[in-house]
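The numbering used here puts the first residue of the sequence shown at 1317, with every later residue one more than the last.
For glycine and all other residues, C-beta sits at the position ideal for the given N, C-alpha and C.
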Amino acid sequence: MNCQSKNGFASITLALLLAGGASSSAHAVATFDEVKRDFKPSETLVLDRNGELLQRLRTDKAVRRGQWVALPDVSPALRTALVLSEDKRFYEHSGVDWRAVSAAAWGNLWNTKTRGASTISMQLAGLLDEDWRAGAGGRSITQKVGQTVSAQILEARWRKDQILEAYLNLVPFRGEMVGIDALSRTLFGKAAHGLDEREAAIAAALVRAPNAKAAQVSQRACGVLKVMQAPAKVDCEGLDLFAAAALQRKAFDASEGVAPHLARRLVATPTVRAELVEARAGKQAGTSTSSVRTVVSTLRAPLQRFAVQTLTQQLRELRGRHVEDGAIVVLDNATGEVLAWVGSSGELSDAAEVDGVTALRQPGSTLKPFLYAEAIAERRITAASLLEDSSSQIQTSGGLYIPQNYDRQFKGLVSARTALGASLNVPAVRTLVMVSPDAFHKQLRAVGLPLKESGDYYGYSLALGSSEVSLLSLTNAYRTLANGGRYSAPSLAKNPKPVFRPALDARAAFIATDIMADPLARARTFGTDSILATRFWTAVKTGTSKDMRDNWAMGFSQRYTVGVWVGNASGAPMWDVSGTSGAAPIWAAIMNYLHKTERSRAPVPPAGLVQSRTQFGNQGGTPLEAARSEWFIQGTEQAVFAANSGNGDFGPAKASRSGKKPAAEAEAEADAPPRITAPASGTIIALDPDIPPKNQRISFSAEGRGTRWIMDGKEFARGPQAQWLPWPGRHVVQLVDAGGKVAGEIKFEVRGAGVREASARGGRAAKR
């Protein structure tokens, strides 16, 4: 035997051995159902509690796969184009096209270019088994033999439609795109069933040359079209521009739906991380299942969509007032499940990725219910106790703190019910003086508000919401009130078993809730027909932070707690947006949606409460407030509340009944040497967020006759009393006597956004 014969014999023997090995390996070819089940999309589908799609979120950054597409859901044009382009005799051969193999061998012998002999079945075998995939230098003889054998086994075990379906879902098209769903949605912005002949031709051309330039793709696509149609009828003019535009398009967004922020949170949460759940790939009867990354959330899809639409509509109506962001949370009172989570205003926002539900913001007056509840629980006040609403200067480490009210006016003596309902600031600060910032701080932490600093750090401004909280934690704190002072954490898992703990005296929580549900209590500030009034039972509170940066509406019904924030993610101030014009309309709309068919009843009073008739003393011949039936913690009830009543009760204020100084006292002050009596030098004045521009005034008072007031070198008033429209900054005020001599001088600072007399917008508030 010569050397040449020996080499030929060795080659044949080696090929047979390789074929045998490949055959045994190929016997491990997976079934169609196994391949479909193991298919892993590059995205996670976030579903609502009933299985309705909320959000599609990309979670695999390495590759771009869509969902598995059943063959009947692929356009006939694409099926035809792919078969004609890749494997003309697909429906005739049994895995290997021997005619194409012969043509390829003959072409190699004579150096003639041919199409190639790889069939769809052979390509699929290479996609299913890494051993048969071509390397940088192409496939080895071992791989070619193994691929051939595997293709024949596939044909023996799978139907033709299964082979074509799997191939369409597994074949790489371009760049990171794998499978027809990713391709059709990315390049053409549509589902695979909607591809026309031009689009199908481009898709088929990309199979052969995934990363070819646009000109090459259009040339190949034109060739495919000529095979699909009669060459004389094919017009490839403009195909190059169409192909170039398609290859540049990125229509398949990384995230799509109505709950992007919640979706990212769920996927990133270890305990709720995306799981592979067996789901139906299509609705056709008899289809097998494919793996779909899904997370089932606690949300209600119809409610989520309504919340998104309501927020968008309200912000569009506020266009021109420098407000572009908002967030919404809806909680189930009993379980703590999150039913709606809207993190931003989407396309209306310049910071749509920021989650307004978890971002920290100043809550403004929304903390007041917890303050009054704490004071009532400590028996420092009752809902009927009289609090003095008058000019107040409180010494702090940073200077004098002077709180102001919504309308820049003082009401004199008011009950705690009126003070909370009407959101009066001065009584709230006086109440905090009684409770202490440290005790209030502990109470806020008990209801789930994780304040970063101590009570002493915030000082008395804590009464007006100078801390920072998230919408989620604040909404859940209100849910604590709805549950009678019992706290449990909010839940993103379905059917939780909430563990409640007492966080607030149940009796005090009931009284604070009753005040927030009382339309008469808030009438002094909001009127009796405000947006806060609902046709069913609800308790609600609004708030605005310093410089009008944050606007809130927080409240609950018997079953739901709804929290709304409106503002700017950048922290920029809004213009002329108050609690009732910003967040409150959204809150009211969502509450009305929730209770289209559901009732809401007032809570049952807990043990230890009594309801008794209460009257109020007179001021200037008029009762301070109308007599009413009031709730009390047992043992704190009183029949009459009046100023200087001497009964040592809860909160009578020290003031004359008329609120005016006696004539002799006023005359003595007029004859005294000129001096400034208020405000004191070093005062820091913090403007209230909700005050209308026309009411932005700071009062100055002095003793002496013939005096003039000089502000920063310019006269602005004459006489013992003066009012000034505040403007942020440091200012110097001088009191000049009748002879033109400076009799007194003070320096003070105004913090917050102010307004000039001629300005149409202003009073954009600040709470320190």
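query: Mapping DSSP to helix, strand and coil, what is Val1749?
result: By 1-based counting over the sequence shown, the position of residue 1749 is 433. Helix.
- prompt: Residues in its own chain within less than 6 Å of Glu2061 by CB, not counting five upstream and five downstream?
  reply: Mapped onto the sequence shown, residue 2061 falls at position 745. Gln2050.
- prompt: Any contact of the region 1937-1949 with the region 1692-1708, i.e. 3+ C-beta pairs under 8 Å?
  reply: The count of Cβ pairs closer than 8 Å, one atom from the region 1937-1949 and one from the region 1692-1708, reaches three, so the stretches are in contact.
- request: Measure from the alpha carbon of Thr1651 to the alpha carbon of each residue in Leu1729, Leu1683 and Ser1804, then state which is nearest.
  value: As a first step, residue 1651 must be located in the sequence shown, where it is residue number 335. The option with the nearest alpha carbon to Thr1651 is Ser1804.
message: Applying the 10 Å Cβ sphere with the 16-neighbour rule, what's the burial state of Asp1671?
response: In the sequence shown, residue 1671 corresponds to position 355, counting from 1. Burial is judged here by how many other beta carbons sit within 10 angstroms of a residue's own beta carbon; Asp1671 has at least 16 and is buried.
- request: Assign Trp2040 to one of three DSSP states: helix, strand, or coil.
  value: Taking the sequence shown and counting its residues from 1, one reaches residue 2040 at position 724. Of the three classes helix, strand and coil, the one that applies to Trp2040 here is strand, per DSSP.
Contacting residues, own chain, Cβ-Cβ under 8 Å from Asn1527 (five flanking each side not counted): Numbered from its first residue, the sequence shown carries residue 1527 at position 211. Here the set comprises Arg1490 and Gly1491.
task: With a threshold of 16 other CB atoms inside 10 Å of the CB of Ser1886, please say whether the residue is buried or exposed.
output: Taking the first residue of the sequence shown as 1, we reach residue 1886 at position 570. Label assigned to Ser1886: exposed.
Helix, strand or coil at Trp1891 according to DSSP, with G and I counted as helix: For the purposes of this step, residue 1891 is taken as residue 575 along the sequence shown, with counting starting at 1. It is coil, neither helix nor strand.
- prompt: Are Leu1729 and Ala1959 close, meaning C-beta to C-beta below 7 Å?
  reply: Working through the sequence shown from its first residue, we reach residue 1729 at position 413. Working through the sequence shown from its first residue, we reach residue 1959 at position 643. Yes; because the gap between Cβ atoms is below 7 Å, this pair is in contact.
- prompt: Among the residues of its own chain, which have a CB less than 6 Å from the CB of Ala1520, if the five just before and after it don't count?
  reply: Stepping through the sequence shown from its first residue, residue 1520 is reached at position 204. Correct list, in chain order: Ala1397, Leu1398, Ser1401 and Val1540.
Cβ neighbour criterion (16 or more within 10 Å) applied to Val1880: Taking the sequence shown and counting its residues from 1, the one referred to as residue 1880 is at position 564. Burial state of Val1880 is buried, judged by a 10 Å Cβ sphere holding 16 or more other Cβ atoms.
query: Which stretch, first to last residue, makes up the beta strand (DSSP E) that contains Ser1928?
result: As a position in the sequence shown, residue 1928 is number 612, starting the count at 1. Per DSSP, Ser1928 belongs to the beta strand (DSSP E) from Leu1925 to Phe1932.
query: Taking contact to mean at least 3 C-beta pairs separated by less than 8 Å, is the region 1491-1501 in contact with the region 1381-1393?
result: Judged by pairs of C-beta atoms under 8 Å, the region 1491-1501 touches the region 1381-1393, as three or more such pairs exist.
message: For the beta strand (DSSP E) containing Thr1858, name the first residue and the last one.
response: Against the sequence shown, residue 1858 aligns to sequence position 542. For Thr1858, the uninterrupted beta strand (DSSP E) run begins and ends at Ala1855 to Thr1860, by DSSP.
- prompt: Around the C-beta of Asn1934, are 16 or more other C-beta atoms found within 10 angstroms, so that it is buried, or is it exposed?
  reply: On the sequence shown, residue 1934 is found 618 positions in, with the first residue counted as 1. Exposed, since its Cβ has fewer than 16 Cβ neighbours within 10 Å.
message: So, at 7 Å on beta carbons, what are the nonlocal neighbours of Thr1293 in its own chain, with the 5 sequence-adjacent residues on each side left out?
response: Residue 1293 falls outside the range modelled here, since the chain spans only 1317 to 2084, and no answer is possible.
message: By alpha-carbon positions, which one of Glu2065, Val1533, Gly2029 and Arg1475 ends up nearest to Ile2000?
response: Counted from its first residue, the sequence shown places residue 2000 at position 684. The option with the nearest alpha carbon to Ile2000 is Glu2065.
- request: Classify Val1673 as helix, strand or coil using the three-state DSSP reduction.
  value: For the purposes of this step, residue 1673 is taken as the residue at position 357 of the sequence shown. Three-state result, Val1673: coil.
field: At least three beta-carbon pairs within less than 8 Å, the region 1386-1395 to the region 1636-1645
entry: No, because fewer than three Cβ pairs between the region 1386-1395 and the region 1636-1645 fall closer than 8 Å, the two stretches do not touch.
message: Once the 5 residues before and after Glu1513 are set aside, which same chain residues still bring their CB inside 8 Å of it?
response: What you label residue 1513 is simply residue 197 of the sequence shown in a count that begins at 1. Only Ala1393, Ala1397, Leu1541, Met1544 and Gln1545 meet the Cβ criterion.
- prompt: Is Asp1866 helix, strand or coil by DSSP?
  reply: One-based indexing of the sequence shown puts residue 1866 at position 550. In this structure, Asp1866 counts as strand in the three-state DSSP scheme.
query: Is the Cβ-Cβ distance between Gly1843 and Arg1865 less than 7 Å?
result: Here residue 1843 refers to the residue found at position 527 when the sequence shown is read from its first residue. Here residue 1865 refers to the residue found at position 549 when the sequence shown is read from its first residue. For the 7 Å CB-CB criterion, Gly1843 and Arg1865 do not form a contact.
message: Could you compute how far the alpha carbon of Ala1798 sits from the alpha carbon of Thr1952?
response: To locate residue 1798, count along the sequence shown from 1; it is residue 482. To locate residue 1952, count along the sequence shown from 1; it is residue 636. Cα to Cα, the separation comes out at about 23 Å.
- request: Answer with buried or exposed for Gly1602, where buried requires no fewer than 16 other C-beta atoms within 10 angstroms of its C-beta.
  value: Start at 1 with the first residue of the sequence shown, and residue 1602 comes out as number 286. Its pLDDT being 39, under 50, Gly1602 is placed unreliably in this model, and the value from its coordinates should be taken loosely. Classification for Gly1602: exposed.
message: Which residue wins for smallest C-alpha separation from Gly2022, given the options Phe2032, Pro1990, Lys2030 and Asp2028?
response: Within the sequence shown, the letter at position 706 stands for residue 2022. Of the candidates Phe2032, Pro1990, Lys2030 and Asp2028, the residue whose Cα lies closest to the Cα of Gly2022 is Pro1990.
field: Where Gln1371 falls: helix, strand or coil (DSSP)
entry: By one-based count along the sequence shown, residue 1371 stands at place 55. Secondary structure of Gln1371 (DSSP, three-state): strand.
field: Of the residues Ala1675, Val1646 and Ile1831, the one placed nearest Arg1795, counting alpha carbons only
entry: Counted from its first residue, the sequence shown places residue 1795 at position 479. Checking every option, the nearest Cα to that of Arg1795 belongs to Val1646.
- prompt: Would you report the Cα separation of Glu1515 and Phe1504, rounded to the nearest angstrom?
  reply: Here residue 1515 is taken as the residue at index 199 of the sequence shown, counted from 1. Here residue 1504 is taken as the residue at index 188 of the sequence shown, counted from 1. Per the coordinates, the alpha-carbon of Glu1515 lies some 8 Å from the alpha-carbon of Phe1504.
query: Short check: CB of Gly1680 to CB of Ser1807, under 7 Å?
result: Position 364 of the sequence shown, counted from the first residue, corresponds to residue 1680. Position 491 of the sequence shown, counted from the first residue, corresponds to residue 1807. With respect to Ser1807, Gly1680 sits apart: the two C-beta atoms are not nearer than 7 Å.
query: Using the rule of at least 16 other Cβ atoms within 10 Å of the residue's Cβ for burial, across every protein chain shown, is Val2048 buried or exposed?
result: As a position in the sequence shown, residue 2048 is number 732, starting the count at 1. Val2048 counts as exposed, since fewer than 16 other beta carbons sit within 10 angstroms of its beta carbon.
field: Pro1685: first and last residue of the uninterrupted alpha helix (DSSP H) it sits in
entry: Taking the sequence shown and counting its residues from 1, the one referred to as residue 1685 is at position 369. Its alpha helix (DSSP H) spans residues Lys1684 to Ala1693.
- prompt: Using DSSP with H/G/I as helix, E/B as strand and the rest coil, what is Phe2064?
  reply: Residue mapping note: residue 2064 aligns to position 748 of the sequence shown, counting from 1. Three-state DSSP puts Phe2064 in a strand.
- prompt: Going by DSSP, what residues sit across from His2047 in a beta bridge?
  reply: Looking up residue 2047 in the sequence shown gives position 731. Answer is Phe2064, bridged to His2047.
task: Check whether the Cβ atoms of Ala1793 and Gly1771 sit closer than 7 Å, and answer yes or no.
output: Looking up residue 1793 in the sequence shown gives position 477. Looking up residue 1771 in the sequence shown gives position 455. Here Ala1793 is not near Gly1771, since their CB atoms are 7 Å or more apart.
- prompt: Quick one: what does DSSP say Tyr1407 is sitting in, helix, strand or coil?
  reply: The residue you call residue 1407 lines up with position 91 of the sequence shown. Tyr1407: coil per DSSP, three-state reduction.
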